[in-house]
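Read the structure below first, then the notes.
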Amino acid sequence: MLNLVLFGPPGAGKGTQSQNLIEKFGLIHLSTGDLLRGEISQGTKLGIEAKKLMDEGSLVPDEVVIGMISNKLDANKDARGFIFDGFPRTVAQAEALDNLLESKGSAISGMIALEVTDSELEQRLLKRGETSGRADDANPEVIRKRIKEYNDKTAPVAGFYKKQDKFKSINGIGSIDEIFASINSVIEAY
Ligand code: AMP
């Protein structure tokens, strides 16, 4: 199985590159942000509780997203592999993901981090907010909170995979095709 963690701050291009990877490698895309937005649009209890945190740019509790990922792994037992996008976002989530995959006789193949500067991210997110319909993309204060959450809680997840010798970072600034080519060269090495 090819199990990739696509890593990087909000606005780094994880969603865009995930679409390319799904097409090329036939992987299942698991984006916890998309799953949470799905819960919100269905008006579930989980969605209602998550919305408040998402609207202010805070992370939702680990057990909520771990539970969603666990369900999706169970629902896709025959998958060729997964792209994890926006997950794991804390070291506790990374540990839980290792345990979930291990219980299925699988493991993470590697983490690929998209490196983008904070000022570029803020501009990209505000631009995305003009069309995405996402409240958390439209407000500069919420964007800064999301980047802060990333730096405080998510950035340490890179160290978790570095310790396992599974971390690779690539330049996340450039054309979509250029960045996809860099990702491919990392995957070829697996
Ligand atoms: P995203 O679409 O990945 O930018 O996520 C949007 C929002 O959903 C984040 O700002 C968080 O509030 C929440 N979220 C998504 N994934 C996670 C996660 N793995 N852990 C905690 N919160 C998450």
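Residue numbers are given in the UniProt record's numbering: position 143 of the sequence shown equals residue 143, and the series is strictly consecutive.
Backbone N, C-alpha and C fix where the C-beta goes; we use that ideal spot for every residue, glycine too.
Do residue j and residue i have their beta-carbon atoms positioned less than 8 angstroms apart in this structure?
i, j, result
"residue 101", "residue 112", "no"
"residue 168", "residue 110", "yes"
"residue 90", "residue 62", "yes"
"residue 133", "residue 12", "no"
"residue 183", "residue 19", "no"
"residue 153", "residue 2", "no"
"residue 10", "residue 150", "yes"
"residue 192", "residue 56", "Residue 192 lies beyond the stretch modelled for the chain, which goes from 1 to 190, so this question has no answer here."
"residue 160", "residue 92", "no"
For residue i, does the count of other Cβ atoms within 10 angstroms reach 16, so buried, or fall short, so exposed?
i, result
"residue 80", "exposed"
"residue 164", "exposed"
"residue 141", "exposed"
"residue 131", "exposed"
"residue 179", "buried"
"residue 174", "exposed"
"residue 156", "exposed"
"residue 147", "buried"
"residue 96", "buried"
Just checking residue i against the ligand AMP - is the residue's beta carbon closer than 7 angstroms to any of the ligand's heavy atoms?
i, result
"residue 58", "yes"
"residue 32", "yes"
"residue 88", "yes"
"residue 19", "no"
"residue 93", "yes"
"residue 140", "no"
"residue 36", "yes"
"residue 53", "yes"
"residue 157", "no"
"residue 9", "no"
"residue 118", "no"
Can you list, in chain order, the residues of its chain with a C-beta nearer than 6 angstroms to that of residue i? Leave out the 5 residues immediately preceding and following it.
i, result
"residue 138", "129"
"residue 76", "28"
Are the C-beta of residue i and some C-beta of chain B separated by less than 8 angstroms?
i, result
"residue 166", "Going by chain labels, chain B is absent from the structure shown, which holds only one protein chain."
Sorted by chain position, which residues of the same chain lie with C-beta nearer than 8 angstroms to residue i's C-beta, five sequence neighbours on each side aside?
i, result
"residue 8", "14, 113, 114, 115, 116 and 172"
"residue 4", "21, 27, 81, 82, 83, 84, 108, 109, 110, 111, 112 and 187"
"residue 126", "137, 138, 140 and 143"
"residue 25", "2, 80, 81 and 187"
If I measure Cβ to Cβ from residue i and keep anything under 7 angstroms in the same chain, skipping five residues before and after, which residues do I get?
i, result
"residue 86", "14, 31, 32 and 33"
"residue 135", "55"
> For the region 62 to 77 against the region 27 to 39, are there 3 or more C-beta pairs whose distance is under 8 angstroms?
Replying inline: yes
> Between the region 45 to 57 and the region 113 to 122, do at least 3 Cβ pairs fall closer than 8 angstroms?
Replying inline: no
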